[in-house]
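Undergrad: As you go down the protein sequences, you meet chains A and B in turn.
All letters in the first sequence, in the order written, are residues 61 to 474 by this note's numbering.
All letters in the second sequence, in the order written, are residues 31 to 653 by this note's numbering.
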Amino acid sequence: MKVLHLCDHYRPIGGAEKLLFDTLDALEKNGVENVIATHDYIENKATGKRKEYIVHDLDIYPYNWNYLDYFLRGAKAGKALRRIIEEEKPDVIHIHNLQNPFSISAAIKAAPTVRAIHDPRLYCFNNWRILRKTKEICPYPLGYKCVTEGCLWPDLLAFTTDGRCAIPRYASYLMHRKVEKLIVESEAMRACVLQNGYDDARIAFLPNFTKTFDFDEVMRRIEDLDRKDENSILFVGRASFEKGVDYLLEAATHIKVPFKLYLVTGGPETSAIHGKIERLGLKGKVEVPGVQSYAKTRDYYAMADVVVVPSVWIESFCLVGIEAMANAKPVVAFRTGGIPDWLVDGKTGYLAECRNVKDLADKIELVLKDKEAAKAMGIMGFRRVQEHYTMEVYLPRLLRIYEDAIEARRKVIR
Amino acid sequence: MKVLLINPPGWQKGSTNLGLCYLASSLAAKGHKALILDVNATDASPDAVAEKAREYAPDIIGFSLKTSTANAAFLLSKAIKKRYPGAVHVAGGAHITLAYGESLIQNPDIEYCFLGEAERSLIEFVERKEKGLPVDDIPGIAFRRDSEVVTTRREYIEELDAIPYPGMDAIEGFSFKDFRYPMITSRGCPYPCTYCCVGVVSSKKWRARSPENILDELKRAKEKYGITMFEILDDNFTLRIERAKEFCRLLIASGLNLSWYCHNGIRADKLDMELARLMKEAGCTSVALGVESGDPAIFDSIKKGEPLEAIVNAVKCIKAAGMKAVGYFIIGLPGDSLEGIKRTIEFQKSLGLDHYTYGVLNPYPYTEVYDIVKREGKMLMDIKESSHFSTELTIPFEMPGFSRQDMEKAFYLAKFQQLYQAIDSYEKKYGRKPGRILYFDFSPASRFTKNLSRLLDDYELDVFCFQTRSDDYFKNRAKWKITDLHVYVDTPYASGRIKIFLRFFNIFRKRGYDMVFFSIGTPQMLLPPFLLIVRPKVFYLEGEDGAKLMTMKDPEVKAQIRRRARELFFTLPRLSLSILAYPFLRLAVIGFGLFMYFKRDGKRVEFTPQGPKLKDMKKDKDQ
Numbered sequence: 061m062k063v064l065h066l067c068d069h070y071r072p073i074g075g076a077e078k079l080l081f082d083t084l085d086a087l088e089k090n091g092v093e094n095v096i097a098t099h100d101y102i103e104n105k106a107t108g109k110r111k112e113y114i115v116h117d118l119d120i121y122p123y124n125w126n127y128l129d130y131f132l133r134g135a136k137a138g139k140a141l142r143r144i145i146e147e148e149k150p151d152v153i154h155i156h157n158l159q160n161p162f163s164i165s166a167a168i169k170a171a172p173t174v175r176a177i178h179d180p181r182l183y184c185f186n187n188w189r190i191l192r193k194t195k196e197i198c199p200y201p202l203g204y205k206c207v208t209e210g211c212l213w214p215d216l217l218a219f220t221t222d223g224r225c226a227i228p229r230y231a232s233y234l235m236h237r238k239v240e241k242l243i244v245e246s247e248a249m250r251a252c253v254l255q256n257g258y259d260d261a262r263i264a265f266l267p268n269f270t271k272t273f274d275f276d277e278v279m280r281r282i283e284d285l286d287r288k289d290e291n292s293i294l295f296v297g298r299a300s301f302e303k304g305v306d307y308l309l310e311a312a313t314h315i316k317v318p319f320k321l322y323l324v325t326g327g328p329e330t331s332a333i334h335g336k337i338e339r340l341g342l343k344g345k346v347e348v349p350g351v352q353s354y355a356k357t358r359d360y361y362a363m364a365d366v367v368v369v370p371s372v373w374i375e376s377f378c379l380v381g382i383e384a385m386a387n388a389k390p391v392v393a394f395r396t397g398g399i400p401d402w403l404v405d406g407k408t409g410y411l412a413e414c415r416n417v418k419d420l421a422d423k424i425e426l427v428l429k430d431k432e433a434a435k436a437m438g439i440m441g442f443r444r445v446q447e448h449y450t451m452e453v454y455l456p457r458l459l460r461i462y463e464d465a466i467e468a469r470r471k472v473i474r
Numbered sequence: 031m032k033v034l035l036i037n038p039p040g041w042q043k044g045s046t047n048l049g050l051c052y053l054a055s056s057l058a059a060k061g062h063k064a065l066i067l068d069v070n071a072t073d074a075s076p077d078a079v080a081e082k083a084r085e086y087a088p089d090i091i092g093f094s095l096k097t098s099t100a101n102a103a104f105l106l107s108k109a110i111k112k113r114y115p116g117a118v119h120v121a122g123g124a125h126i127t128l129a130y131g132e133s134l135i136q137n138p139d140i141e142y143c144f145l146g147e148a149e150r151s152l153i154e155f156v157e158r159k160e161k162g163l164p165v166d167d168i169p170g171i172a173f174r175r176d177s178e179v180v181t182t183r184r185e186y187i188e189e190l191d192a193i194p195y196p197g198m199d200a201i202e203g204f205s206f207k208d209f210r211y212p213m214i215t216s217r218g219c220p221y222p223c224t225y226c227c228v229g230v231v232s233s234k235k236w237r238a239r240s241p242e243n244i245l246d247e248l249k250r251a252k253e254k255y256g257i258t259m260f261e262i263l264d265d266n267f268t269l270r271i272e273r274a275k276e277f278c279r280l281l282i283a284s285g286l287n288l289s290w291y292c293h294n295g296i297r298a299d300k301l302d303m304e305l306a307r308l309m310k311e312a313g314c315t316s317v318a319l320g321v322e323s324g325d326p327a328i329f330d331s332i333k334k335g336e337p338l339e340a341i342v343n344a345v346k347c348i349k350a351a352g353m354k355a356v357g358y359f360i361i362g363l364p365g366d367s368l369e370g371i372k373r374t375i376e377f378q379k380s381l382g383l384d385h386y387t388y389g390v391l392n393p394y395p396y397t398e399v400y401d402i403v404k405r406e407g408k409m410l411m412d413i414k415e416s417s418h419f420s421t422e423l424t425i426p427f428e429m430p431g432f433s434r435q436d437m438e439k440a441f442y443l444a445k446f447q448q449l450y451q452a453i454d455s456y457e458k459k460y461g462r463k464p465g466r467i468l469y470f471d472f473s474p475a476s477r478f479t480k481n482l483s484r485l486l487d488d489y490e491l492d493v494f495c496f497q498t499r500s501d502d503y504f505k506n507r508a509k510w511k512i513t514d515l516h517v518y519v520d521t522p523y524a525s526g527r528i529k530i531f532l533r534f535f536n537i538f539r540k541r542g543y544d545m546v547f548f549s550i551g552t553p554q555m556l557l558p559p560f561l562l563i564v565r566p567k568v569f570y571l572e573g574e575d576g577a578k579l580m581t582m583k584d585p586e587v588k589a590q591i592r593r594r595a596r597e598l599f600f601t602l603p604r605l606s607l608s609i610l611a612y613p614f615l616r617l618a619v620i621g622f623g624l625f626m627y628f629k630r631d632g633k634r635v636e637f638t639p640q641g642p643k644l645k646d647m648k649k650d651k652d653q
């Protein structure tokens with residue numbers, strides 16, 4: 061089988077991209093031929109592991125006022141993609157975070173298409189489903205609430221990037237109704253996709269996977285790296301509002317036992333985080349090692365007593381959680397999005413009420429106070445990952461989705 | 031036996047401690063277990079290192095000390111001793127070789143010092159310790175006995191080919207990504223330069239590896255680590271020119287296709303045209319020369335043993351061969367002064383170097399300049415507190431003819447020489463000092479830019495730096511006091527950047543500058559809009575061969591603005607269509623908003639502890 065993957069970012073910057081690279085490796089190990097077409101971001105570099113096309117403007121959006129230029133360039137990118145598809149003749153096209161309607165349309169017309177939904181940008185004008193006015197999680201479908209809640213209308217008047225992008229985004233939203241399979245990673249994501257009018261028959265449920273390790277090796281690492289005389293709390297993820305570092309720092313002020321918080325993070329809010337640490341008087345209690353490679357992050361997992369996932373948006377899945385569990389660590393998280401799918405409350409960690417910092421602090425303390433119970437939770441998490449979130453579970457299901465997509469297209473042609 | 035080798039923090043980031051790698055491979059060859067903790071790279075806290083040491087449970091812990099990392103090493107040693115008292119602490123490296131006495135006396139945690147090269151002495155030490163034999167007569171060590179410090183006879187390794195190749199694998203968490211493979215092809219230097227400690231550390235006797243042996247190491251490194259480039263860190267790579275030529279010929283014949291450079295500096299009088307051409311052919315991209323001073327009197331006084339003309343010829347050879355020439359200069363050599371630095375700068379300009387670096391002298395212990403500074407000058411800090419590769423400008427001493435303030439001024443004069451030159455030429459041209467100056471630096475604000483406005487306190491100086499997103503920047507931003515105009519532009523989109531620039535251009539226009547200085551690297555496309563909006567009377571463009579004074583009336587400036595206008599003209603049809611279509615697009619987008627407003631069907635999603643639920647919005651009270 062030959063699969064053409066379309067993606068915006070082709071470098072390991074976040075969970076979605078890590079999953080992409082892991083998926084590519086897993087597919088190739090099982091004899092699937094992968095071809096990549098990615099946007100020409102300066103950071104996107106060919107890896108040389110497979111056939112890779114870096115396409116100019118593949119994921120273009122009308123970022124400036126020159127709409128005409130956008131149409132010309134977008135159409136040119138669509139044409140380039142069509143040529144690639146003609147040359148490569150893929151059996152199926154797998155779209156990862158890509159929004160440009162010209163490219164999407166070229167893909168849908170040419171071959172059976174599968175779309176992986178990693179975040180709500182497919183059906184949200186401001187990307188994260190967080191209401192612009194109140195910063196609350198948005199429960200509404202794409203529609204008039206986008207206007208009344210201020211996510212769309214002021215932009216239209218001021219004609220900023222989001223406003224300009226609204227029509228292409230809506231076009232992309234409509235086009236995705238024709239995609240053979242929409243891959244959702246969690247029940248929450250499925251509900252959101254259904255809510256936005258996509259056909260249930262086209263939705264394929266496929267939770268993420270992570271690399272798993274030998275139990276003895278994981279335990280040995282913990283034994284080697286665990287700081288016995290320190291209560292270590294770990295956060296891994298992007299430094300941005302939706303990932304909830306702010307809430308975690310606030311929760312940290314409520315924790316009564318001595319602790320050390322490690323933030324393996326980087327992103328738009330990094331400076332704000334440093335400011336907040338000082339403001340809340342947490343200097344000395346919080347260490348920010350910055351962005352780390354996965355190998356190094358594993359050291360932090362091994363060292364930590366608890367991993368906290370304080371996301372405050374509708375997490376599509378949250379790969380960090382299962383990574384922590386794969387490293388036999390208990391997880392404390394807000395009950396939001398896809399997190400309850402993998403976090404069994406009271407067994408592999410604790411769920412706190414979303415955005416309730418006091419509750420989060422209590423749950424963290426609960427883990428820190430009883431290290432034996434925490435260890436048992438970690439082991440249970442490790443087993444849960446081994447059972448549900450491994451490549452061995454993921455890959456056959458993904459191949460099945462590809463086959464279903466091919467079959468669905470065949471039926472339409474007949 | 032288990033040996034833990036520690037590279038303390040305080041040295042250049044991204045460097046590899048090759049000495050420790052040599053020790054690790056020599057130990058491994060004899061069946062001992064060695065692990066290197068590169069604390070300089072990881073910046074781990076002393077407690078974390080101590081914990082690591084406790085977990086690893088070594089029998090011997092070795093520290094590699096340079097003068098600027100010595101204090102950090104002693105702190106680490108103390109922390110480890112507290113948490114894990116079971117190991118013997120030993121130290122080596124350049125600083126220990128120079129100052130083993132005071133290191134042993136002041137730091138009771140360090141029990142033995144290894145002077146000079148320790149590949150053999152450390153192994154003998156480890157083996158004797160393993161067998162429980164006395165170690166006091168091992169060559170090249172120093173230790174405490176009662177109140178005295180005992181040293182044994184030192185031996186230098188003659189057969190360098192016999193030493194196992196350095197083992198980078200022993201460094202914990204070492205990444206081979208974008209790795210420049212460090213190489214030492216010879217050791218020692220016979221010259222008595224007054225500021226240099228190599229003669230004491232690596233001996234005055236120059237010993238070299240055979241070209242075949244060097245090539246074999248490179249081949250293995252390419253196979254094992256997939257290296258694409260290497261750097262030669264020798265103290266004196268080309269001392270025997272024929273050997274260097276032979277190495278280059280072998281490297282060419284091997285077809286290894288590696289790029290390399292000599293940034294540790296070679297001697298100018300040990301380079302001829304043939305060698306330069308061979309080096310270029312063998313993949314060498316740039317060669318550094320230790321020029322130190324362009325003032326003939328000072329140059330002669332530092333006992334380099336070569337004439338200043340040799341530098342001029344060497345630069346010519348390097349450039350004629352097609353390589354980049356790099357020059358290193360020292361501020362504060364005995365006899366140096368602010369005027370002397372000005373002469374050095376003139377000399378450096380005449381050389382036409384591709385890159386140059388000025389650093390303030392660190393008088394290392396037991397060098398001749400150290401004695402001179404002790405005798406005639408004044409140390410402003412313990413030399414161990416100075417730093418070789420600093421994030422701040424540190425000036426460790428001052429001399430009667432060269433005060434601390436002057437040294438600082440000299441450093442900035444050298445660093446921002448084109449800006450100073452521009453100010454001078456402004457004064458000459460207009461007969462008065464420029465009032466308000468804008469320094470436009472397109473690169474991220476460097477550690478030195480932040481001091482620029484302080485140094486130029488006679489002038490009202492604004493510094494504008496383009497800042498890309500980096501954690502380091504965020505950490506330091508609070509400490510910086512450049513000017514209000516220092517700006518951070520983080521939007522990845524061109525339109526956003528243009529918006530920000532236009533806003534700043536407007537501020538610049540209102541402030542009205544007498545002089546604007548564009549540092550090297552300012553994108554040409556930014557200049558026309560800047561000039562048209564701000565319309566500065568005079569501005570300077572920094573270039574390879576000096577800053578160029580320009581005014582709006584210059585034909586070159588006019589030509590550039592015309593060229594941009596022409597480009598604009600040819601894109602005008604498309605642009606005008608866009609402009610014409612703009613109101614309609616606005617209307618379309620607003621219409622789209624209205625369309626969305628009337629799209630009132632749908633369900634809201636609620637996330638309950640039992641899972642997500644969809645509810646009809648028509649029944650919703652909110653409506």
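Even for Gly, the Cβ is constructed at its ideal location relative to N, Cα and C.
(1) Measure the alpha-carbon distance for PHE470 (chain B) versus ARG565 (chain B) and round it to whole angstroms.
(2) I want to know whether the stretch 339–359 of chain B touches the stretch 314–325 of chain B - three or more CB-CB distances under 8 Å.
(3) Cβ of LEU141 (chain A) within 8 Å of Cβ of VAL95 (chain A)?
(4) Measure from the alpha carbon of LEU105 (chain B) to the alpha carbon of each residue in B:ALA78, B:ILE90, B:ASP89, B:ALA87, then state which is nearest.
(5) Which of helix, strand or coil does DSSP assign to THR258 (chain B)?
(6) Note down, in chain order, every chain B residue with its Cβ under 7 Å from the Cβ of VAL207 (chain A).
(7) Is the shortest distance between the beta-carbon of ALA231 (chain A) and the beta-carbons of chain B less than 8 Å?
(8) Taking just the CA atoms, how far does TYR450 (chain B) sit from PRO585 (chain B)?
(9) Residues of the stretch 628–643 of chain B in Cβ contact with chain A at a cutoff of 8 Å, in chain order, please.
(10) Got a sec: which bits of the stretch 352–365 of chain A sit with their beta carbon under 9 Å from any beta carbon on chain B, in order along the chain?
(11) Taking the beta carbon of ASN70 (chain B) as the centre, do at least 16 other beta carbons fall within 10 Å, making it buried, or is it exposed?
(12) Anything in the stretch 608–621 of chain B with a Cβ closer than 8 Å to a Cβ of chain A? List those residues in chain order, please.
(13) Since LYS96 (chain B) and HIS125 (chain B) should fall inside the 8 Å C-beta cutoff, what is the C-beta to C-beta distance between them, to a whole number of angstroms?
(14) If we ignore side chains and look at the alpha-carbon of each, how far apart do ARG250 (chain A) and PRO328 (chain A) end up?
(15) Enumerate in chain order the residues of its own chain whose CB-to-CB distance from TYR396 (chain B) is below 8 Å, with the five nearest sequence positions on each side excluded.
(16) Quick check on ARG565 (chain B): does DSSP put it in helix, strand or coil?
(17) Using three-state DSSP, classify TRP510 (chain B) as helix, strand or coil.
(18) Nearest by alpha-carbon distance to THR224 (chain B): which of B:GLU311, B:ALA117, B:ASP401 is it?
(19) By DSSP, does ARG541 (chain B) sit in helix, in strand, or in coil?
(20) Return the chain-ordered ranges of every alpha helix (DSSP H) run that is complete within the stretch 167–232 of chain A and spans a minimum of 4 residues.
(21) Can you confirm whether GLU247 (chain A), when its beta carbon is compared against all beta carbons of chain B, has any partner nearer than 8 Å?
(22) Within a Cβ cutoff of 7 Å, which residues of the same chain sit near TYR54 (chain A), ignoring the five residues on either side of it in sequence?
(23) List, from N- to C-terminal side, the alpha helix (DSSP H) runs of 4 residues or more that fit wholly inside the stretch 322–346 of chain A.
(24) Taking the alpha-carbon of VAL568 (chain B) as reference, which of B:LEU605, B:ARG593, B:ALA172, B:LYS459 has the nearest alpha-carbon?
(25) The alpha helix (DSSP H) with ARG616 (chain B) in it runs from where to where?
(26) For the structure I just gave you, are there three or more beta carbon pairs, one from the stretch 429–446 of chain B and one from the stretch 364–378 of chain B, closer than 8 Å?
(27) Please classify LYS463 (chain B): does DSSP put it in a helix, a strand, or coil?
TA: This is what the structure gives:
(1) For this step, residue 470 (chain B) is matched to residue 440 along the second sequence. For this step, residue 565 (chain B) is matched to residue 535 along the second sequence. Rounded to the nearest angstrom, the two C-alpha atoms are 14 Å apart.
(2) yes
(3) Stepping through the first sequence from its first residue, residue 141 (chain A) is reached at position 81. Stepping through the first sequence from its first residue, residue 95 (chain A) is reached at position 35. No.
(4) Against the second sequence, residue 105 (chain B) aligns to sequence position 75. Measuring from the Cα of LEU105 (chain B), the nearest candidate turns out to be B:ALA78.
(5) Within the second sequence, numbered from 1, the residue matching residue 258 (chain B) stands at position 228. Note: THR258 (chain B) maps to coil in three-state DSSP.
(6) Taking the first residue of the first sequence as 1, we reach residue 207 (chain A) at position 147. Going along chain B in sequence order, the residues near VAL207 (chain A) (Cβ under 7 Å) are GLY623, MET626, TYR627.
(7) Counting from 1 along the first sequence, the entry for residue 231 (chain A) is found at position 171. Not one chain B Cβ lies under 8 Å of ALA231 (chain A).
(8) Indexing the second sequence from 1 puts residue 585 (chain B) at position 555. Indexing the second sequence from 1 puts residue 450 (chain B) at position 420. Cα to Cα, PRO585 (chain B) sits roughly 25 Å from TYR450 (chain B).
(9) PHE628, LYS629, ARG630, ASP631, GLY632, LYS633, ARG634, VAL635, GLU636, PHE637, PRO639, GLY641, PRO642, LYS643
(10) SER353, ALA355, LYS356, ASP359
(11) Numbered from its first residue, the second sequence carries residue 70 (chain B) at position 40. It counts as buried.
(12) SER608, ALA611, TYR612, LEU615, ARG616, ALA618, VAL619, ILE620
(13) Here residue 96 (chain B) refers to the residue found at position 66 when the second sequence is read from its first residue. Here residue 125 (chain B) refers to the residue found at position 95 when the second sequence is read from its first residue. LYS96 (chain B) to HIS125 (chain B), Cβ: 5 Å. Contact.
(14) One-based indexing of the first sequence puts residue 250 (chain A) at position 190. One-based indexing of the first sequence puts residue 328 (chain A) at position 268. Taking the straight line joining both Cα atoms gives about 29 Å.
(15) Here residue 396 (chain B) corresponds to residue number 366 of the second sequence, with the count starting at 1. Cβ neighbours of TYR396 (chain B) beyond the five flanking positions: LEU128, ALA129, CYS227, VAL230.
(16) Numbered from 1 along the second sequence, position 535 holds the residue referred to as residue 565 (chain B). ARG565 (chain B): coil per DSSP, three-state reduction.
(17) For the purposes of this step, residue 510 (chain B) is taken as the residue at position 480 of the second sequence. Any reading at TRP510 (chain B) must be qualified, since the residue scores a pLDDT of 36, below 50, and its modelled position is unreliable; the value itself is stated next. Three-state result, TRP510 (chain B): coil.
(18) For this step, residue 224 (chain B) is matched to residue 194 along the second sequence. Checked all of B:GLU311, B:ALA117, B:ASP401; the closest Cα to THR224 (chain B) is B:ASP401.
(19) The count along the second sequence starts at 1 and reaches residue 541 (chain B) at position 511. Correct three-state label for ARG541 (chain B): helix.
(20) 204–208, 213–218
(21) By 1-based counting over the first sequence, the position of residue 247 (chain A) is 187. For GLU247 (chain A), the answer is yes, since a Cβ of chain B falls inside 8 Å of its Cβ.
(22) Since the first and last residues shown for chain A are 61 and 474, residue 54 (chain A) lies out of range.
(23) 330–339
(24) As a first step, residue 568 (chain B) must be located in the second sequence, where it is residue number 538. VAL568 (chain B) has its Cα closest to that of B:LYS459, out of B:LEU605, B:ARG593, B:ALA172, B:LYS459.
(25) In the second sequence, residue 616 (chain B) corresponds to position 586, counting from 1. Counting along the chain, the alpha helix (DSSP H) containing ARG616 (chain B) begins and ends at 602–627.
(26) yes
(27) One-based indexing of the second sequence puts residue 463 (chain B) at position 433. Looking at LYS463 (chain B) - three-state DSSP - the assignment turns out to be coil, as it is neither helix nor strand.
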